[in-house]
Every structure is written in structure tokens, then in C-alpha cells.
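Residue numbers (the numbering used here), protein chains in the order written: chain A, 1 to 99; chain B, 1001 to 1500; chain C, 2001 to 2504.
Accompanying notes for the structure given below.
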């Protein structure tokens, strides 16, 4: 069973894109470690033969017809954007490759 | 770089892995009813084809496009795959401004189709079987344009502009198992594989499948090993390969590059690389550190898809004839030899010949025209066969004129010239240019008598049984009649005249 | 002060239909009440007087013109700020959505508007519905109308307090682990978490997609049924929405109100209500149970052993799904955008700075925990295992429902605790949900109604659980018990709440 230390919190915060202060990292490490110890019991409760439930109510094959519906008004949407330009969302420079 | 592909291939065995993404041509997007730009809706501007769902707004929920599922099953069946009895969507979690939820709804360990294969025919007739690992459904991302940089690329850009019109377009991703045993034909195989897929998508009607429009995208994985029985080497993934030719070039470059690294005692870095059209080279892309931990889990907002076996069989029964099957059928119907059929396919003449045969010409005649005179003309004019200003129907008409005896092959070529020049239909050209064979003996006999009279010694020889110089007489008669005589009839008449 | 705010929604609806009062009067009365007490209670984040009165006036005109109207037309309602309302600021109790105006309505809001119920405003909540006390709201806590130094419950403390303080006759809440039922219990009101899929989640800012459900927060069971009837039913925009048409829950409540529980098998769950539950809360629960028996019910003890792992499973499943659901809040398309104070201003760094500044402690805690639980190498042990526990919980419920028609328990282990008393210990806070969580994991419906006063003079709740898709049974049994208790008490429990000071 793993524990959550400060280094792990830093790694996870990076994955989750959340800036944390040093104090926050330390505090979170302590709190999360306690929580993880408490919840780790789940791995002992269910045996290998028990299937996982991801949906509480079993439904399958819910589909939609391929018929166009209403779209959003572009101006209304962009009015909520922190920054917009030329009908597009303006975002700070992106590092990394083109998709 | 000093190592060439040809050199590299003598010392290393290449292994390929190809991931193809195809945009489905449904009217709406994968998880919402926004009109899809891949399904015929041309947006006038950015961010017009979005709903709360495709924009990933708080509170929005996905609903699966049933037509997209059917398309995906079609693709799976066409690739000989098994269709899952039940499958789910999963979230692939990563942060990037072009995916509005910062996760992509895709399929992870439960793809809709798996374990298939595709027989790829190379231009010389060699068939390579590519094993298909899986085909799964997912949604496309939006588009970033980078502003302020030198060439519109990321490096040096001051900021980016994001358009979500494409976000949510249905995609099917097809992943091969490692493609081995191809040796120096690796580039060709990679190209032919993607081309064959493209042809299948079109035949199925699931996508416009135009690579230059981004409907079909290929990521090419290449690794080298010292010999076919060595374990697989480290692979690189090359993206931004935007044309069939680029696929070949990318493979060639990567093989050579990796060989040079290995020759020098180095190790190939597992990374994603970016192909450059202008130089034909690849360069390292985004460093994937722990962006690789996608934290996949089953998509809780969607319920499983369990295609009934009845539905799958209905779809299977509705599949159109696929390109390979169609080629085999036509070859058998037309009686072409393998090499002949290959030439026809490689020349892009298949559809044209099929239409010409439908217009009444024999398969042999149709091939003769399209692969002969017309191919030569197209080459000379530097155009594609189908761009020539003549229709299969016209060729059918032309051949009918020959078959009926009204013109012969030589005259037919003149008629074709006239048709290509825009003078009209074959019938019209024959009439306008007076190219019909003289069928009346009278005028022929006049010419024959005149010719024989002018060549008494040859007439004597023929009378004496020496038929050698017959050709001279016939040639002279043909010339005098401007070719508009039936050579066989001329021969008969000459014999009559000479005896009598 | 107007009496109109003391009427139930059913009574208001009847009076409106009879033409005895106008919707403008009713709506204005509630707006006045909000102005009078919400400075202290802080149930509302946003009040839309103009919009609400506008709709009220339109309803009055339509009624005068003889138009056919929905039974609840003109009855005002408050909506938890986790539900998207077009043109009205929606914050989910977070700074990261401060001032965000959605361009669309949640399906349940569309249905409220179709029923022509004026929307008074948006109620306060724990940030992104993560919490049991509403202390994690980025906009300050809501206070319990019974005692302004105590919590109103959470995450939907605002909706429950609004209803308890007579600021609204009805309110919409959402319940992921008890966020409707627990506030109902500690405020002496009624709250229902429907069967998963009964009410559309389209437009609910998602916390844990497989657990969230919207439901009614009211003062009576009948009112809850009436509101559930408006918002429930299949929604093609929600793939997890139940496909079948729903019965009328108001009808079920009316039928139940006769108070006849003859032959009803009531299951008491061993694992819920023993150790860790306040004696006063247990007493009130026992008295309510005795009332049911006196009315003809049979009590049977049932055991659901997997419930002891429910809290652990919940605090793995919820953070995992939430960590993914909250990834979209990154400052790129809407909401707060914060640039890093130093260094290059790149998209990645702006995302991290925005989320660092815009999310509160509890949200950060759960996102990090969820990221961990889904991480490569940890999935099987954590998220994967938790989903298996879920299966066991469903099986335990199924077995229990073979022996009993409904299950009951105290809704919460304690009454309303003082503000600030559990903030230092997240785990202690999580324990508030121990009785309510199993229903969310299994998808079964649950209802909380007042069971009585605890020895500290504060309200306690009794939770009723029914099999999935049997929400009608909840309303029938709930209405019956409510009627019986009302008889015993001579009036609703809420009448014992102190009168709030009215601002001048």
C-alpha cells in the first residue's frame, strides 16, 4: 500500500495542473495520507470474482439519431471567454507539438 | 545524415505500426447533434458548429450518435474484425486547449472491433497481409492556430486561437499489429496500406476519406532490429504525415535516421516525431513525460454499447462490394491476366474500363483503348486518364463502329483524334471527316484495276502464284483510298482481277 | 410579514388556482422574506427579483386569460447554484466560475420554466458540491435557520436553509453522497434523492457522474412529490436517464398521507445507526420507528455488511470522477483566468495558476486524491476495487429488499454542528455522510424527513430507502409517517425553529 508524501503530491498536482504553495503541498500530503490509509481497505473487501459496477442502473445501447440540432450563438459563447479574437478563443502560447 | 535508406535496409529489418484516424461522414458529431464539418456542413466561421456538449461546457452530457456506431461496425467488418459483444467508452485524461473537457472520450480496453486483417496489394502484385489489432471510436479535437510565430507553428508563437468546430467530430482509429517481414518494401507497404484503407472507407460510404483534407490521418511507427529474429527495437511515432507520398518519405527517412543512430552505437529515443513536408525529414515533437499517464477509466456519462448479433449481420449483409473483391470479380469477368489487371489498376483505368464495357465494348477492346492510345495521349498531355475529354460511352461507340466493320483500327484512331479534339461524337467525326470504309466493290475495283495496270510485272507474279508482292498492291490500293478500304476484301478482289 | 411564506407549495398552488392570490403576491412575499433574513442566513448567492416577478406577472396574466396552466404555475422556486441557468450567473459555489453566465438551461430548469415557476435565485453550496456543511463555499457559508452559528448541512445547505427559513416554498438540490438528505435532516425539512437516472443530469455541473442526482428540497413530502413530478422523467440529452415514463409522486404522497402502514415491512439496517450516532439522533429515530409500528408496520433487522466499506469506496469513486469532471476549469474558455506571477505566460502555466487560485482546499484535496486513485499502477487497488465494493453494496441492498419493503436509518449521525468545528479534520467531515452514501453508490432512492428533536433541541431526520425505480414507495411511506408525526406533534417540527430576526 502506497503512501502520499510531498513528492507524490507535487507529481499529482502537476498531472492535475494545479499550482500549490509549499504549505499546501505539506498539508495535503498529511491529509491525503490519512485518507488514503482509510480508503485503502477497499482492495481487501471485494474478492477477485466480484465484477465492477460503473453504472448503478444497467442500461445499454442509448443512441441518438444523426439529425442536426441547434447550435450555440457564437457571440454569446465568446462573451464569456477570458479572451477572444477573430471568433476564436484566445489562449496563451502552448508549448508542445501541433496535434 | 550520411546513411541512406537503401544502405540501412541491408543491415536492419524494419518493423512498422500504423495508426489511421478516419473522420466519419455523419451529419452530426459523435456525442452531440452539432452539424459535423466532416459530414458536409461548411461553417462560415470559427466556433459555429458547437453545442454545450461539443464545447465541453459545465453540465453538458454526451449522447452517442447511432449512425457513427454503425459506420464503425462497417469498418470493423470490412477489415475482417470481430465486433465486440459489449464495449464501453473511456475517458483519456490530459490537458490541451484543443480538447474542451481536457479529456477525450474514446475507447480503451474495450474497442468496438478487434482482430482483423487487411490484404494490401502492392503495385507489382505482391500481397502483404497487415494484421489489424483494433478499431475504436473516439471524438476529434478542435483546431489551434498559432499566432505570432514565424511559420504558424508553435515555436515562437505569442498566443494561440482555438476553434472548436471540429471538436467532437466522430473518428474511428484503426491500429495495426506490428507489420513485419516487409524489408525494403516498408515504405511502399505503409503507403499502400493507407491507400487501401482509404479506398475501403470510400466504398463503404463512411467518409469522404480525403487525406489532404484531414479526413484520413496516419501516424507511422517505425522501429529497426538487426535481423527478423531479433526482438523488436525501440519505435518512434511520426505525425503530420499528410499525403500518401509523405508516408513513403517518412518511412524512408526514419529507417535511415534510426540506422545511423544505431550504427553509431546509440539508442533510438522513444518519442513522437513531426514530419516536415518540405525537407522530407522528421524532428522530435513534444516531450511526453508524464503526460503519458492518461488515467483511463470507463466513461460514466455513457452506457455500454452491446451490438446485437442480428444487427451486426444486418450490417454485414448491407456492406457494398469492397474494392479488392470488386477487382477480383472484374478480372474474372474480363478474363485479364494478373499483370494486365495490375496495369489497369495502377493506371487508374478500372472505373473507365468498367463503364466502357457497360457501354458495349468487349473487355479486351476497352483495355486496348484505355491502356493504349488513350494512355499515351494522357501521358503526352500530362493529365490523368479521367481528365481526357472523352467518355467511356464514346469509346464504346467507337469500338462498335470497328466491330460493325464500318471503320478499321487505323481509321478508328483518326476518329478518336477527332473526338479528343472536340469535333463531336465518333459517329459525327466519321461523317464529318468521311472516314467510313468503302463497302461498295465498284469504286474499289476501279482503283484495283488502275493499280494493277500500273504494276504489270507484279500482276504477272501474282498470276503466277507468287503472292509475296500482294502487299504492295494492297498497300497502294489502301493509300489510294486513304485507308478506307477493307484490306481483306481488297485481297479477294485483286485475286479475282488477276485471274480473270 | 406575509403569511404566504408559511404556506406549503401545495397550499400556494391551490390558492393560485382558485384565484385567491396572485403569483406576483406570492413571489414578492418571498422576495421580501429573502431581503429580511438572508443577510443572516445567506442561503442565496444570487437573487433574480426582476426575472422572478416578470414570470409571476406573466403567469397571472395567462391565468386571467383562461390559459391552461401547470398545477405549480406561479409557485416560486430556488435552484442550487450547481445547476446551469441560461442568462443567470452560475458559480457552483466556486471562485473559478465567478460571474459565469451559461448560454443554456439545464433540462430540469427548462421543465421548471415550462411549468412557469418563477425562479427566485441560486442557492449557496459547498464548492462544486464537495462538502457536508456549505462551509466550503467560496462565497461564505450559509447558516442554519435553527441556530445561525451552526451549519445547515451540505453540500446543498443553501437550498435547505432557504426552505427552512421560509425564503422559498421549494428548492432544487443535488445529492451525490447525501447533499440533499443531510441538509434536510439538520434543518428539519424534507429532501429526496431520486433513483439514479430519474431526474436528468443535463445541466448539472458534474461532481461524480455516476452518483449525482438532482431532487426536491421542501417542507413537506407532498411538496417534494409535486416538484419531483415537474423535474423528473426521461431526457434524451442524458444517456443515463431512465427510459420509462414515471408515475406521479405527488399522487403517491397523497395516497400515503392516510397514514396506513399496515403490513409494511420496514428494515432497520444494522450497519447504519449504531456506534458513532448521537444518542439524541437515535432516540428521535427510534420514536419515529415506533410510530410506524403503531400504524401497522413490521420491523425487521437487516444486515448489509458491505456498507462498512461504503465510505471508503465513495471517497475513491467520487474524487476519481470529479478529478476528470473538473479538468475543464482551466481559464481557457470561461471563468477565471489567472496568469502566473513570474515566468513565461504559457497555456499550461496559466491553467495551473488559474486552478491554484480558483479552487478551494476541499476541491484541491479531492482532485489530487482522485488523480492518485486513477494513476497508472494504482487503478486496480483503488478505483477498480471501489467499483467492486459498489457491486457488493448493490447486492446487499437487493438482499435487504427481499426482506423489507423499505429500509430506514437516521439520516445523519449528528445534528447540526457548529460552524468551523469540523474544518480541521476532513475525515471527520466525511463521516457525516456515512448513512446517506450507500444509496448513491447503489443508485437507489432515499428520502429524509424530520424524525423529531434531538436532546439539544435541534432537528434530526429519518431516512427512508426504497429499491431502485420505486421512488413512489418513498413518497407513500414518507407521507404516511409525516402525517402520523404531524399528528403527534400537533404541527410541523419546523414550527419549533426560532423566529429569525428580520432586517429593517
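The C-beta atom is built at its ideal place from N, Cα and C for all residues, glycine as well.
Residue i versus residue j: straight-line alpha-carbon distance, rounded
i, j, result
"residue 1139 (chain B)", "residue 2419 (chain C)", "46 Å"
"residue 1179 (chain B)", "residue 2372 (chain C)", "36 Å"
"residue 1011 (chain B)", "residue 1258 (chain B)", "12 Å"
"residue 1240 (chain B)", "residue 1222 (chain B)", "15 Å"
"residue 172 (chain A)", "residue 25 (chain A)", "Chain A is shown only over 1 to 99; residue 172 (chain A) falls outside these bounds and no answer can be derived."
"residue 1424 (chain B)", "residue 1436 (chain B)", "16 Å"
"residue 92 (chain A)", "residue 1098 (chain B)", "12 Å"
"residue 1290 (chain B)", "residue 1269 (chain B)", "Any reading at residue 1290 (chain B) must be qualified, since the residue scores a pLDDT of 45, below 50, and its modelled position is unreliable; the value itself is stated next. Approximately 16 Å, taken between the alpha carbons."
"residue 1102 (chain B)", "residue 1096 (chain B)", "6 Å"
"residue 2501 (chain C)", "residue 2029 (chain C)", "16 Å"
"residue 1135 (chain B)", "residue 1198 (chain B)", "15 Å"
"residue 1131 (chain B)", "residue 1116 (chain B)", "6 Å"
"residue 2297 (chain C)", "residue 2264 (chain C)", "5 Å"
"residue 97 (chain A)", "residue 1272 (chain B)", "Reliability of the predicted coordinates at residue 97 (chain A) is poor, the pLDDT of 45 falling under 50, and the value obtained from them is presented with this limitation in mind. So the alpha carbons of these two residues sit roughly 9 Å apart."
"residue 2299 (chain C)", "residue 2312 (chain C)", "29 Å"
"residue 2316 (chain C)", "residue 2353 (chain C)", "26 Å"
"residue 2344 (chain C)", "residue 1046 (chain B)", "28 Å"
"residue 1415 (chain B)", "residue 1224 (chain B)", "56 Å"
"residue 2292 (chain C)", "residue 2262 (chain C)", "9 Å"
"residue 1090 (chain B)", "residue 1111 (chain B)", "10 Å"
"residue 2232 (chain C)", "residue 2180 (chain C)", "16 Å"
Endpoints, beta strand (DSSP E) assigned at residue i
i, result
"residue 1223 (chain B)", "1216-1225"
"residue 1283 (chain B)", "1281-1284"
"residue 2265 (chain C)", "2265-2269"
"residue 1160 (chain B)", "1159-1163"
Extent of the continuous alpha helix (DSSP H) to which residue i belongs
i, result
"residue 987 (chain B)", "Because chain B here runs from 1001 to 1500, residue 987 (chain B) falls outside it and cannot be looked at."
"residue 2228 (chain C)", "2221-2231"
"residue 1043 (chain B)", "Premise fails: residue 1043 (chain B) is in no alpha helix (DSSP H) and is neither H nor E."
"residue 2030 (chain C)", "2023-2041"
"residue 1104 (chain B)", "Not the alpha helix (DSSP H): residue 1104 (chain B) falls in the beta strand (DSSP E), residues 1103-1106."
"residue 1239 (chain B)", "Per DSSP, residue 1239 (chain B) belongs to no alpha helix (DSSP H); it is in the beta strand (DSSP E), 1236-1241."
"residue 1188 (chain B)", "1186-1204"
"residue 2399 (chain C)", "2385-2403"
Spatial neighbours of residue i in its chain, beta-carbon cut-off 8 Å, leaving aside the 5 residues before and after
i, result
"residue 1026 (chain B)", "1036, 1038, 1039, 1065, 1067, 1068, 1071 and 1170"
"residue 2024 (chain C)", "2053, 2056, 2057 and 2060"
"residue 1320 (chain B)", "1203, 1204 and 1205"
"residue 2085 (chain C)", "2079, 2102, 2105, 2106, 2109, 2119 and 2122"
Interface flag, residue i vs chain E, CB-CB below 8 Å
i, result
"residue 1160 (chain B)", "Protein chains A, B and C are contained in the structure displayed, whereas chain E is not."
Cβ shell of residue i (< 6 Å), same chain only, five flanking positions each side left out
i, result
"residue 2532 (chain C)", "Residue 2532 (chain C) lies beyond the range of chain C shown here (2001 to 2504); nothing can be said about it."
"residue 2357 (chain C)", "2338"
"residue 1144 (chain B)", "1098, 1160 and 1162"
"residue 2251 (chain C)", "none"
Nonlocal neighbours in the same chain, by C-beta distance under 7 Å from residue i, ignoring five residues either side
i, result
"residue 1335 (chain B)", "1363"
Start-end ranges of the alpha helix (DSSP H) lying completely within the segment 2420-2475 of chain C, minimum 4 residues: Counting only unbroken stretches of 4 or more residues, the alpha helix (DSSP H) elements lying wholly within the segment 2420-2475 of chain C are 2426-2430 and 2437-2442, in sequence order.
Residues of the segment 2362-2379 of chain C with Cβ closer than 8 Å to any Cβ of chain B, in chain order: Near chain B, meaning a CB-to-CB distance below 8 Å, the residues of the segment 2362-2379 of chain C are 2371, 2374, 2375, 2376 and 2379.
Ordered list of alpha helix (DSSP H) runs contained in the segment 42-68 of chain A, each at least 4 residues: Within the segment 42-68 of chain A, the runs of alpha helix (DSSP H) at least 4 residues long that lie entirely inside it are, in chain order, 42-45.
Proximal residues, the segment 1041-1070 of chain B versus chain A, C-beta separation under 8 Å: Here the close residues are 1041, 1045, 1046, 1047, 1048, 1049, 1050, 1051, 1052, 1055, 1063, 1064, 1065, 1066, 1067, 1068 and 1069.
Every unbroken beta strand (DSSP E) inside the segment 67-96 of chain A [3 residues or more]: Runs found: 88-92.
Under 8 Å (Cβ pairs) to chain B, residues found in the segment 2233-2267 of chain C: Taking 8 Å as the Cβ-Cβ cut-off against chain B, the residues of the segment 2233-2267 of chain C that qualify are 2236, 2237, 2238, 2239 and 2240.
Chain A contacts made by the segment 1296-1310 of chain B, where a contact means CB separation under 7 Å: Answer in chain order: 1298, 1300, 1303, 1304, 1305 and 1306.
Under 8 Å (Cβ pairs) to chain C, residues found in the segment 1072-1105 of chain B: Within the segment 1072-1105 of chain B, the qualifying residues are 1091, 1093, 1095, 1097, 1100, 1101, 1102 and 1103.
Sequence ranges, alpha helix (DSSP H) only - wholly within the segment 2269-2335 of chain C, length at least 4: Taking only runs of at least 4 residues, the alpha helix (DSSP H) segments lying wholly in the segment 2269-2335 of chain C are 2279-2294 and 2310-2325.
Residues within the segment 1012-1031 of chain B neighbouring chain A, beta-carbon criterion of under 9 Å: Hits within the stretch, in order: 1026, 1027, 1028 and 1031.
Residues in the segment 2315-2335 of chain C having any Cβ partner in chain B nearer than 7 Å: Result list: 2320, 2321, 2324, 2327, 2328, 2330, 2332 and 2333.
Against chain B: residues of the segment 2067-2092 of chain C by CB proximity under 9 Å: Answer set for the segment 2067-2092 of chain C: 2082, 2083, 2084, 2090 and 2092.
Inside the segment 2235-2269 of chain C only - beta strand (DSSP E) runs reaching at least 3 residues: Scanning the segment 2235-2269 of chain C for uninterrupted beta strand (DSSP E) segments of 3 residues or longer gives 2265-2269, listed from N- to C-terminal end.
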